[in-house]
Each structure stands twice: as C-alpha cells, then as structure tokens.
C-alpha cells in the first residue's frame, strides 16, 4: 500500500469516526425532542407539578433550576475568577502550585453524587441549612468551581505576554495590568466559558438530590421578599430542580401521565442546555466586537 | 562620551545574570538628556538585555540578577526605595512587536493617563491629540479614534504604541527593535517619528539595522558578547571606530 492510499483510508476512517460522534448526538437529541416536544405548552411550562393526577406542569422546577443556577454562579464565579487570576498571573512554579492544580483536577473528577452526599452531611445536616437552595448552590459551587477555574485560566492564558509587558512598561502594577488590560481583553472568552459551564450546572441532578431536596413547595410569585419561605427568592426553601424532577418522577412518580411529563421536562432541559451552548459563542463574539470596537 | 554633557542616565559596572550565566559583564554608559542613542551588535550581544534592565523589565522574569549602578537623574533605578511603577512612568518602552491593547485608538493612548487618575475629558482629548501628533499618526487616525487599534496596520499600531507611551510624558524612551517587525515603508515612518522627537526626548534604541542606526542616531554603542566595546558619536563609530571588532561588525565581517 503506498502512502497516498494509506492517507486516503486514514482520512476516511477519521471522517467516519467524527461523523459517528455527531450522529450519536443528533440521534439522542432527536429522540428526546420528538418524544418531548408534543407535550410542551404554556400550561406545562408554567403550571405546578401534580403528584397524583394528570395535567401537572414544571413551572416551579424550571424557576428553581434558573434561580439555583444564578445563585451557584454568583458564589462560584468570583472564587473561580480570583483563583484563575492567581494561577495564571501571579503564581510561580512551586510545590504549592502543583498542589493547587492537583486539587483542582481531583475536584473536577469527583463524582457529583459524592459531592451531593458531602453537601448533605455538611450543609444540610451539620450546618442545619436543611434541604434548601443555599445548600444546593454550595454543592453546585463545588461541582462547578474546578471547571470554571480551568476555563477562566485558559481564557487569561490566551492573552499574549506582550500585553502584560506593555502594561508593565506603562507603569501599571501587576494588579492594574490584570484588571485593566488582561481581564477586559479576555471577557469574551470568559463569558463563553461561564455560559457553557452554566449549561452543565443547569442539567446537574445528582449533586442536588440530597442538598436542594426533592420537593417543590408552592411558591407565591407575588412575594419577592427573600426572607419569606413562600417567596420564590427565598434561599432557605427546598427546591427541586428540573433535572431532579425528571429523576424523581422516573424513579418513584405515580401520576398517570408521568411518561409524558418526563418526556416534556427532558425536552425542556435539553433545549435550555442547547440554548446555553449556542448562545455562549455568539455572546462571546458579540462582546469581543463591542469591547474592541473592531 | 567623556566630555561633560548633561546626562539623564549613567550606568556603572552593570552586570546581569540569567541564573548562573553572566550575560552582561560590567557596562559603563552615559546617556544625554536629549537625542537618540543606538545600541548595535550581533544577536546575543546583550544590547536588548541591557535595555530591558533600564526599566527593570527583568523583574517580570525569575532568576535574573542585576548589579551595578543605574543613576537616573540622581536616583538609583535598583535602589530598594525605587518603585518600579514610578520608574516605568519616567522610562517608557516600545517593543519589537506592536502591542496595542484590544481597545479603541483613543482608549489606548489615554490609557496611561486614566490609570494615573486623569478623568477630565478635555485634558484627555488634548493629550491624545498631542501624543498622536507627536507620533506622526494623527492625520491617519483622527477620524477613527473610536475604532479598534487592532484594525490598524502594523506600522500604524507601532506608532499608536509610541503615542501611548508619549502620553504619559516619560523622560526617557526605550525602543527595543521597534521597526524589525515592520515593512520598509512603515519602518521609515517610525524613523521619521523618532527623528521628530529627538529634540524633546532622550531615546535609546536597540536595532539590528546598521543603516537605521546611521540614519537616526546621534550616538552609537557597539555591544559584543555582553561587553560594551565602543561608544561614541555615530559618525565616528561608523567611519573611524577605535576598535577592530567595531570595524569588523560595521563592515559586515561578522554578526
């Protein structure tokens, strides 16, 4: 076999493998969407779930998912940002740094159900936070922190050192250089990373089952005082999310239309995650254009 | 350079190590308050290393040790009390690669002043215009000040980088091969810019182009293997150098 034939065969194999990856994804998406889309309606998206009869919706679970996501991001983003800034801009190679990096790697490979059980023991039981949004948000922070840190660090490292030298040469301190040059220059790619990790967090179930709880008490959408337990904003109420809801009804649901609810909820979950992923890149490009005025 | 002229910078016995390796072997040089000094020499001769020691850019790297004295207008650059941030406001630097920030042209030039706390729009506007004029690029960009500096050509970017440094009103300007990444026309424009600034600023330029040194420099210094071989008026260095190595390098016999 000559080099040309070998090259052709290799190319064909690589194309086929890449194509099959896409095919698996498309097949899965199609399956979920075809099964789920017919059940979607405004009522389904906004109504409260029902435990024993047909016709329930996923309104509260959907709201919970978004609220939990926002809280988890509010907690994890600043930590991840400063950790990444430290690792990429300040840290010099040392044993300490390799410990930090190993810790981040280990953390990112922790099974999320373990993170959930840890959160349950520490926050729900020990700190008496109960099954609550805040417990869930902290558990999600553990789950999210390593990926987010890594993604922000990558964003920062893509800014060429020329920019750091230019900042230093202009008389900027290292911190000023990071704040005024490196961060603005990397905002688009940081935003892309944040939105993509938001998609992961949004679909997470295992870490939340034992922390945010498996019940979605009725909410009073007229009450926005976060200190009232019926308020949607209360961080101390139990909050079943969409992903947990899907798991719950499939494992112990008894409503007559549970397969329809499950299919519909799965479709919604997938659509939101896809939206996150597609919008991430777009948003990044838009921000880059806006910030650099190019 | 023995005659008594007003100097901005005097360095004595400057040595620099990368780890254990001595890269500069005791450099004594004086620089006048105005005018252009060119540092020439083959790659690895230590001219860029010496230049970057003047605004302490080596502080950004690990494992670099600098000894000797750098007297910048009465203050030692490496004194423990010297703040690198203050130092770099006095000593500006232009790099080999144009490195504008990914912001608008206006924001690039106003950057140093804003960091220093200048907020007055009129002051900023005026400084941006003056600096861009001084860097000979005002006419080309005056209608596009709000466009990204990244959209400019390499030569224009380099002149914006120069304007950005000039806006902070440095006393001394370091230029590390500022034209070597540019096409000949852009390089010529930069040279014109530097010539127009020679009466107002002290400039030290590292260059690989001997013709460039001969065109723009008042003084020329020849570096070889981490030593300063010869320094003097550019005419003398090029036409009747004292040292054989200088003559060899100028005539292209090595390097």
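Chains as they are written, first to last, in full-length UniProt numbering: chain A, 1 to 294; chain B, 1 to 255.
No residue lacks a Cβ here, since even glycine has one placed at the ideal position from N, Cα and C.
Worksheet item: Between residue 134(A) and residue 235(A), which are expected to be in contact by the criterion C-beta below 8 Å, what is the C-beta distance as a whole number of angstroms?
Response: The residue you call residue 134(A) lines up with position 134 of the first chain. The residue you call residue 235(A) lines up with position 235 of the first chain. Contact flag correct, Cβ pair sits at about 4 Å.
Item to complete: Tell me where the alpha helix (DSSP H) around residue 11(B) begins and ends.
Response: Here residue 11(B) is taken as the residue at index 11 of the second chain, counted from 1. Note, residue 11(B): premise wrong, no alpha helix (DSSP H); beta strand (DSSP E) at 7–18.
Worksheet item: Would a check of beta-carbon distances place residue 163(A) closer than 8 Å to chain B?
Response: Reading the first chain from its first residue, position 163 is the one you call residue 163(A). At a cut-off of 8 Å between beta-carbon atoms, residue 163(A) makes contact with chain B.
Worksheet item: residue 115(B) touches chain A at which residues, Cβ-Cβ below 7 Å?
Response: The residue labelled residue 115(B) in the question sits at position 115 within the second chain. Annotation: Cβ neighbours of residue 115(B) in chain A (cutoff 7 Å, chain order): 172, 176 and 180.
Worksheet item: Taking DSSP as the reference, what is the three-state secondary structure of residue 278(A)?
Response: Stepping through the first chain from its first residue, residue 278(A) is reached at position 278. Correct three-state label for residue 278(A): helix.
Worksheet item: How is the alpha helix (DSSP H) around residue 43(A) delimited, first residue to last?
Response: Against the first chain, residue 43(A) aligns to sequence position 43. Its alpha helix (DSSP H) spans residues 42–46.
Practice prompt. Determine, using beta-carbon pairs with one atom in the stretch 214–223 of chain A and one in the stretch 152–161 of chain A, whether at least three such pairs fall under 8 Å.
Written response: Three or more Cβ pairs closer than 8 Å define a contact, and the stretch 214–223 of chain A falls short of that threshold against the stretch 152–161 of chain A.
Item to complete: Flag this pair as touching only if the stretch 220–227 of chain B and the stretch 10–26 of chain B have three or more C-beta atom pairs under 8 Å; answer yes or no.
Response: Contact holds between the stretch 220–227 of chain B and the stretch 10–26 of chain B, because three or more Cβ pairs, one in each stretch, are under 8 Å apart.
Fill in: Length-filtered (3 minimum) beta strand (DSSP E) runs lying within the stretch 62–147 of chain B
With a minimum length of 3 residues, the continuous beta strand (DSSP E) runs that stay inside the stretch 62–147 of chain B are 64–72 and 91–94.
Discussion item. I want to verify the contact list: residues of chain B whose CB lies under 8 Å from the CB of residue 290(A), in sequence order.
Written reply: Against the first chain, residue 290(A) aligns to sequence position 290. Residues of chain B passing the Cβ test: none, with the nearest at roughly 11 Å.
Practice prompt. Mind reading off the beta-carbon distance from residue 191(B) to residue 162(B)? Whole number of angstroms is fine, and I expect it under 8 Å.
Written response: Residue mapping note: residue 191(B) aligns to position 191 of the second chain, counting from 1. Residue mapping note: residue 162(B) aligns to position 162 of the second chain, counting from 1. Not really, about 12 Å apart at Cβ, beyond 8 Å.
Worksheet item: Taking just the CA atoms, how far does residue 166(A) sit from residue 66(A)?
Response: The count along the first chain starts at 1 and reaches residue 66(A) at position 66. The count along the first chain starts at 1 and reaches residue 166(A) at position 166. Each residue's Cα considered, the two are about 41 Å apart.
Item to complete: Below 8 Å CB to CB, which residues in the same chain sit around residue 83(B) once its five sequence neighbours on both sides are set aside?
Response: Within the second chain, numbered from 1, the residue matching residue 83(B) stands at position 83. Closer than 8 Å at the Cβ level, and outside the excluded window around residue 83(B), lies no residue.
Practice prompt. Report the residues of the stretch 154–167 of chain B with a CB closer than 8 Å to any CB of chain A, ordered along the chain.
Written response: Within the stretch 154–167 of chain B, the residues whose Cβ lies closer than 8 Å to some Cβ of chain A are 161, 164 and 165, listed in chain order.
Discussion item. Looking at chain B, is there any beta carbon in it that lies within less than 8 Å of the beta carbon of residue 92(A)?
Written reply: Against the first chain, residue 92(A) aligns to sequence position 92. Yes - at least one Cβ of chain B is within 8 Å of the one on residue 92(A).
Worksheet item: Is it a yes or a no for the stretch 167–185 of chain A touching the stretch 84–104 of chain B, going by three-plus beta-carbon pairs under 8 Å?
Response: Because the criterion of three Cβ pairs below 8 Å is met, the stretch 167–185 of chain A and the stretch 84–104 of chain B touch.
Worksheet item: Does the stretch 66–75 of chain B come close enough to the stretch 106–115 of chain B to have 3 or more Cβ pairs within less than 8 Å?
Response: The stretch 66–75 of chain B vs the stretch 106–115 of chain B: no contact.
Discussion item. Using the three-state DSSP reduction, which class does residue 334(A) fall into: helix, strand or coil?
Written reply: Residue 334(A) lies beyond the residue range present for chain A, which begins at 1 and ends at 294; the question has no answer from this structure.
Worksheet item: In the structure shown, what three-state DSSP assignment does residue 25(B) receive?
Response: Against the second chain, residue 25(B) aligns to sequence position 25. Residue 25(B) sits in a strand when the DSSP states are folded into three classes.
Item to complete: Please check if any C-beta of chain B sits within less than 8 Å of the C-beta of residue 168(A).
Response: Numbered from 1 along the first chain, position 168 holds the residue referred to as residue 168(A). Yes, residue 168(A) counts as interfacial toward chain B.
Worksheet item: Which chain A residues sit within Cβ distance under 9 Å of residue 62(B)?
Response: The residue given as residue 62(B) occupies position 62 in the second chain. In chain order: 92 and 93.
Worksheet item: residue 230(B): buried (16+ other C-beta within 10 angstroms of its C-beta) or exposed?
Response: Sequence index remark: in the second chain, residue 230(B) carries index 230 (1-based). Residue 230(B) is buried by the Cβ-count criterion.
Worksheet item: In the structure shown, what three-state DSSP assignment does residue 252(A) receive?
Response: Counting from 1 along the first chain, the entry for residue 252(A) is found at position 252. Looking at residue 252(A) - three-state DSSP - the assignment turns out to be helix.
Item to complete: Have a look at 71(A), 245(A), 52(A) and 168(A) and flag the residue whose alpha-carbon is nearest the alpha-carbon of residue 264(A).
Response: As a first step, residue 264(A) must be located in the first chain, where it is residue number 264. Across the set 71(A), 245(A), 52(A) and 168(A), the C-alpha of 245(A) shows the shortest separation from the C-alpha of residue 264(A).
Item to complete: Return the CA-CA distance between residue 282(A) and residue 208(A), expressed in angstroms with no decimal places.
Response: On the first chain, residue 282(A) is found 282 positions in, with the first residue counted as 1. On the first chain, residue 208(A) is found 208 positions in, with the first residue counted as 1. Roughly 30 Å between the two C-alpha positions.
Discussion item. So, under 8 Å CB-CB, residue 218(B) and residue 54(B) are touching, yes? Tell me the CB distance rounded to an integer number of Å.
Written reply: If you number the second chain from 1, residue 218(B) lands on position 218. If you number the second chain from 1, residue 54(B) lands on position 54. Wrong, their Cβ atoms sit about 18 Å apart, outside the cutoff.
Worksheet entry | Best match in 236(B), 135(B), 239(B) and 97(B) for proximity to residue 165(B) [C-alpha to C-alpha] | In the second chain, the residue the question calls residue 165(B) occupies position 165. Between residue 165(B) and the set 236(B), 135(B), 239(B) and 97(B), the nearest pair of CA atoms involves 135(B).
Worksheet item: Near residue 54(A), which residues of its chain fall below 7 Å by C-beta distance, leaving aside the five closest residues on each side in sequence?
Response: In the first chain, the residue the question calls residue 54(A) occupies position 54. Its chain contains 255, 256 and 257 as the residues whose beta carbon lies nearer than 7 Å to that of residue 54(A), once the 5 sequence neighbours on both sides are disregarded; these appear in chain order.
Worksheet item: So, does the CB of residue 20(B) fall closer than 8 Å to a CB anywhere in chain A?
Response: As a working mapping, residue 20(B) is identified with position 20 in the second chain. So no, residue 20(B) is outside the interface.
Discussion item. Does chain A have any CB closer than 8 Å to the CB of residue 128(B)?
Written reply: Taking the first residue of the second chain as 1, we reach residue 128(B) at position 128. False, the Cβ-Cβ gap to chain A never drops below 8 Å.
Worksheet item: CA-CA distance, residue 190(A) and residue 239(B)?
Response: Counting from 1 along the first chain, the entry for residue 190(A) is found at position 190. Counting from 1 along the second chain, the entry for residue 239(B) is found at position 239. Between residue 190(A) and residue 239(B), the C-alpha separation is close to 57 Å.
Worksheet item: Looking at the structure shown, is residue 37(B) part of a helix, part of a strand, or coil, going by DSSP?
Response: Locating residue 37(B) in the second chain gives position 37, where the first residue counts as 1. The answer is strand: DSSP assigns residue 37(B) an E or B state.
Worksheet item: Hey, is residue 95(B)'s beta-carbon within less than 8 Å of any beta-carbon in chain A?
Response: Locating residue 95(B) in the second chain gives position 95, where the first residue counts as 1. Residue 95(B) counts as touching chain A.
Worksheet item: In three-state terms, what does DSSP make of residue 230(B)?
Response: Counted from its first residue, the second chain places residue 230(B) at position 230. Of the three classes helix, strand and coil, the one that applies to residue 230(B) here is strand, per DSSP.
Discussion item. Taking the beta carbon of residue 25(A) as the centre, do at least 16 other beta carbons fall within 10 Å, making it buried, or is it exposed?
Written reply: Counted from its first residue, the first chain places residue 25(A) at position 25. By the neighbour-count rule (16 or more Cβ atoms within 10 Å), residue 25(A) is not buried but exposed.
Worksheet entry | Own chain residues within Cβ distance below 7 Å of residue 56(B), not counting five before or after | On the second chain, position 56 is the one that residue 56(B) refers to. The answer, listed in chain order, is 77, 84 and 87.
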